[in-house]
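Asker: Numbering (this note's numbering), first residue to last: 10 to 87. We put the CB at the ideal spot given by N, CA and C, even for glycine. Take this structure first; my questions come after.
As structure tokens, this is what we get:
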């Protein structure tokens, strides 16, 4: 399995929270192909593939980019 930006993308395919919320697309695809499951076994939500980050997200942020993002996040109250 070659590591690519897509294979490393973290998804949240159901309503579960905590350490089981995020999963790699390739890991979930492999598990789904073996189980033939279309719903989460824990929360019973049908799987949806929603990327956590947009595809053009940089691998590294500069300090100024990070601080601007934090200021905007705090201003929005999130």
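In three-state terms, what does DSSP make of residue 63?
Answerer: Here residue 63 refers to the residue found at position 54 when the chain shown is read from its first residue. Residue 63 falls in the coil class under three-state DSSP.
Asker: Hey, out of 81, 46, 56 and 45, whose CA is closest to residue 30's CA?
Answerer: Counting from one through the chain shown, the residue named residue 30 turns up at place 21. Nearest option by C-alpha distance: 56.
Asker: Let me know if residue 80 comes out buried or exposed under the rule of 16 or more other beta-carbons within 10 Å of its beta-carbon.
Answerer: Mapped onto the chain shown, residue 80 falls at position 71. Its Cβ having fewer than 16 others within 10 Å, residue 80 is exposed.
Asker: I'd like the list of long-range same chain contacts for residue 46, defined as Cβ closer than 7 angstroms, with 5 residues on each side in sequence excluded.
Answerer: Here residue 46 refers to the residue found at position 37 when the chain shown is read from its first residue. So no residue of the chain qualifies.
Asker: Determine the burial state of residue 10: buried for a count of at least 16 other Cβ atoms within 10 Å of its Cβ, exposed for fewer.
Answerer: Here the question's residue 10 lines up with position 1 in the chain shown. For residue 10, the pLDDT reaches just 48, beneath the cut-off of 50, and the residue's location in the model is therefore unreliable, although a value from the coordinates is still provided. Exposed, because fewer than 16 other Cβ atoms sit within 10 Å of the Cβ of residue 10.
Asker: List the whole-angstrom C-beta distance separating residue 54 from residue 33, where the pair is believed to meet the contact cut-off of C-beta under 8 angstroms.
Answerer: Taking the chain shown and counting its residues from 1, one reaches residue 54 at position 45. Taking the chain shown and counting its residues from 1, one reaches residue 33 at position 24. Their Cβ separation, rounded to whole angstroms, is 18 angstroms, which puts residue 54 and residue 33 out of contact at 8 angstroms.
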